[in-house]
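Worksheet for the structure shown next.
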Amino acid sequence: MRPRTLLDCKEMGITYRQILEIEFQRRVKKNPRYSLRAYARDLGLSASKMSEIMRGLRGMSGRAALRIAERIALPPEESRRFVLMVEVAHARSASAREKARHALAEISSGPVGEPLQEMNAFLILYLNSESFAEARRILDDCQRRLNERFSLQAEGTSAHSLRIRLGPSL
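Heads up: the sequence shown is residues 3 to 172, going by this note's numbering.
This is the structure in structure tokens:
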């Protein structure tokens, strides 16, 4: 049985559908009248196809994923991650899915891969939870673990300044 999402693969804590949902929620917060139909239009999809993708009834190709990543203005590294997530879930051949899985694992297992997964989980919690306090507790724990992992306390710095040095992808 092939995995349907990255959660099944245990390689990431977030799926491409969740990225689409986060972006949709961000747009709704900016404009409360923004609809799924408008989101589909902005991504170049039909409303029915968008709805099916969001509900997990339909997948998409790597090419479609790249087009969507460009339209939601993902940075290059995140765009690559998004496309790989889609390919892991929906590539036609097992070898293509496996190749994408390995490439995604390589990206995710970098020096900050695990804390990044937790920060992604924080974003999902924050957008989907009524408990900001619980989401904040998880983020604080993640920052503490980042500080420990990089021995930042000894340097008198923090995860926040590491983010500034390494760039916004952290």
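Even for Gly, the Cβ is constructed at its ideal location relative to N, Cα and C.
All figures in this text were calculated on a predicted structure; none of them were measured in a lab.
CB contact flag (residue i, residue j, <9 Å)
i    : j   : result
M87  : A67 : yes
R83  : L45 : no
M56  : L38 : yes
R99  : G58 : no
E218 : G64 : No statement about residue 218 is possible, as the shown extent of the chain runs from 3 to 172 and does not include it.
A42  : S53 : yes
Buried versus exposed, by CB contacts within 10 Å (16 or more), residue i
i    : result
A75  : exposed
R28  : exposed
R60  : exposed
R35  : exposed
R139 : exposed
Three CB pairs or more closer than 8 Å across the stretch 37 to 49 and the stretch 88 to 106: no
Complete runs of the alpha helix (DSSP H) confined to the stretch 25 to 103 [at least 4 residues]: The stretch 25 to 103 contains these whole alpha helix (DSSP H) runs: 38 to 45, 49 to 56, 64 to 73 and 78 to 92.
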